[in-house]
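The sequence shown lines up with residues 5 to 312 when you count with the working numbering.
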Amino acid sequence: MKKKGIDVFLEPLILFREIVMKNKAPTRQHSDFIESASVTALMRALLSEKDNSNPDYLAKYFVSPNWQHFLVNINKSIEDLLVRVPGCMHYHLVRTKQFDESLLHWIKNNNSGQIIILGSGLDSRSIRFYDHLHNFKVYELDLKSMLEYKEKVILEKINKKHKSIFIPINFGTENLLDILKQNSIPKHSPTFILWEGVSYFLNKETVVDLFNNIKNYFIKDCTIVFDYAYKQYIDGNLNFFGATELNRELKNIGEPHIFGIDPDNILTFAKELNWNLINNYKAIDLEKKFLDNSLRVHGFHGIAEFRN
Numbered sequence: 005m006k007k008k009g010i011d012v013f014l015e016p017l018i019l020f021r022e023i024v025m026k027n028k029a030p031t032r033q034h035s036d037f038i039e040s041a042s043v044t045a046l047m048r049a050l051l052s053e054k055d056n057s058n059p060d061y062l063a064k065y066f067v068s069p070n071w072q073h074f075l076v077n078i079n080k081s082i083e084d085l086l087v088r089v090p091g092c093m094h095y096h097l098v099r100t101k102q103f104d105e106s107l108l109h110w111i112k113n114n115n116s117g118q119i120i121i122l123g124s125g126l127d128s129r130s131i132r133f134y135d136h137l138h139n140f141k142v143y144e145l146d147l148k149s150m151l152e153y154k155e156k157v158i159l160e161k162i163n164k165k166h167k168s169i170f171i172p173i174n175f176g177t178e179n180l181l182d183i184l185k186q187n188s189i190p191k192h193s194p195t196f197i198l199w200e201g202v203s204y205f206l207n208k209e210t211v212v213d214l215f216n217n218i219k220n221y222f223i224k225d226c227t228i229v230f231d232y233a234y235k236q237y238i239d240g241n242l243n244f245f246g247a248t249e250l251n252r253e254l255k256n257i258g259e260p261h262i263f264g265i266d267p268d269n270i271l272t273f274a275k276e277l278n279w280n281l282i283n284n285y286k287a288i289d290l291e292k293k294f295l296d297n298s299l300r301v302h303g304f305h306g307i308a309e310f311r312n
């Protein structure tokens with residue numbers, strides 16, 4: 005399943021690097037629409053439409069016209085993906101479920117607060133969890149065109165209430181902290197940040213700077229959930245399930261994973277940044293938690309939660 009020589013299922017894996025990295029990212033304008041965001045929605049929609057295993061039942065509405073034909077024959081699309089990049093689709097499945105679970109757990113334990121989705125793309129959580137968000141503000145940060153597309157889809161196709169406050173930002177040319185200040189995002193309100201599908205496409209300095217800047221801005225009760233690649237995989241160990249295939253594909257399109265964390269030493273990583281490690285789910289943990297014995301995820305990704 006290719007478009008202009010690029011496997012369409014690999015595009016979601018490079019989306020956030022394209023819109024976040026400074027100096028290395030292609031120049032973006034607020035008028036740009038990132039089509040690979042639709043592929044991320046497509047990957048969620050495939051399993052949601054097949055057997056409801058992916059909880060993002062709204063994903064199909066966000067798939068833009070260029071990719072909607074992959075929803076015509078769902079079984080064929082899924083079969084192609086399982087062969088091309090084994091573990092990829094189901095990693096996105098367990099990631100959606102774990103991020104959902106972490107968010108809902110945080111909401112349950114806070115009477116009020118704010119939720120920030122960095123590089124929100126076509127995230128649907130402010131709609132899916134609307135009934136849980138009465139005392140919370142939700143901020144989605146992305147390119148203006150992405151936010152406008154999302155608003156149009158919600159109005160014309162979904163017609164459901166949502167809690168999001170859309171804040172345009174070009175991560176390549178604008179400073180995140182400046183945008184937070186300009187939009188008067190409270191510093192003292194309990195804050196939950198979703199940072200999904202980003203860290204492994206950034207260099208270590210960029211990752212460290214983001215954690216430091218967020219910690220310095222939000223004074224009270226800030227939690228961030230993010231996914232990461234294993235350092236061992238980054239260093240060349242391709243013995244993990246799905247590693248050889250994905251490593252090959254990412255090198256072919258010039259977008260390799262470049263940053264990782266040792267899953268057994270993530271506590272040390274958190275302490276070095278003056279964050280507290282709350283949860284750390286290795287690939288095997290996510291697999292056991294969300295999948296049956298017949299399905300597998302990439303063996304070299306984890307999901308962690310830090311709190312300041």
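The C-beta atom is built at its ideal place from N, Cα and C for all residues, glycine as well. Remember, it's a predicted structure, so these values are computed and weren't measured experimentally.
Of the listed residues the options, nearest to residue i (C-alpha basis)
i	options	result
residue 316	225, 65 and 137	The shown model of the chain, from 5 to 312, leaves out residue 316, and the question about it has no answer.
residue 90	100, 247, 157 and 106	247
residue 50	36, 142, 70 and 81	81
residue 104	60, 70, 75 and 117	60
residue 229	255, 207, 243 and 198	198
residue 296	168, 57 and 48	57
residue 294	74, 76, 70 and 100	100
residue 190	159, 202, 142 and 240	142
residue 140	168, 242 and 159	168
residue 116	107, 124 and 64	107
residue 47	74, 215 and 124	74
residue 123	242, 160 and 201	201
residue 196	159, 109 and 36	109
Exposure label - residue i; buried when at least 16 CB within 10 Å
i	result
residue 276	exposed
residue 187	exposed
residue 272	exposed
residue 72	exposed
residue 261	buried
residue 231	buried
residue 302	buried
residue 284	buried
residue 185	exposed
residue 209	exposed
residue 240	exposed
residue 255	exposed
residue 309	buried
residue 214	buried
residue 206	buried
Other residues of its chain near residue i: CB distance less than 6 Å, five sequence neighbours each side excluded
i	result
residue 165	134
residue 27	Because residue 27 carries a pLDDT of 35, less than 50, the predicted location of this residue cannot be relied on, and the following value inherits that uncertainty. Cβ within range, chain order: n/a, list empty.
residue 127	121
residue 66	45, 126 and 157
residue 311	227, 280 and 282
residue 97	51 and 58
residue 170	144 and 151
residue 274	281 and 310
For residue i: DSSP bridge partner residues
i	result
residue 283	309
residue 144	121 and 170
residue 195	118 and 226
residue 265	234
Neighbour flag for residue i against chain B, beta carbons, 8 Å
i	result
residue 159	The structure shown contains no chain B; it is built from a single protein chain.
Limits of the beta strand (DSSP E) - the one that residue i falls within
i	result
residue 232	226-234
Proximal residues to residue i (C-beta, below 8 Å), its chain only, five neighbours per side dropped
i	result
residue 323	Residue 323 is absent from the model: the chain starts at 5 and stops at 312.
residue 79	54
residue 299	94 and 291
residue 76	none
residue 118	140, 141, 142, 143, 189, 190, 193, 194, 195 and 196
residue 64	45, 49, 52, 53 and 75
residue 242	248 and 251
Enclosing alpha helix (DSSP H) for residue i [first to last residue]
i	result
residue 221	208-221
residue 97	92-112
residue 272	270-276
residue 242	No alpha helix (DSSP H) contains residue 242, which DSSP labels as neither H nor E.
residue 161	Residue 161 -> no alpha helix (DSSP H), and no H or E assigned at all.
residue 87	78-88
residue 189	Segment: none, residue 189 is in no alpha helix (DSSP H) and carries neither H nor E.
residue 333	No answer is possible for residue 333: the residues shown for the chain start at 5 and end at 312.
residue 255	247-256
residue 130	129-132
residue 66	63-66
Contacts around residue i, its chain only, beta-carbon distance under 7 Å, and the 5 residues preceding and following it disregarded
i	result
residue 264	204, 232, 233, 234, 235, 237 and 238
residue 181	217 and 221
residue 62	128, 131, 132 and 162
residue 304	233, 234, 237, 244, 247 and 287
residue 102	285, 290 and 307
residue 212	277
residue 192	223 and 224
residue 114	194
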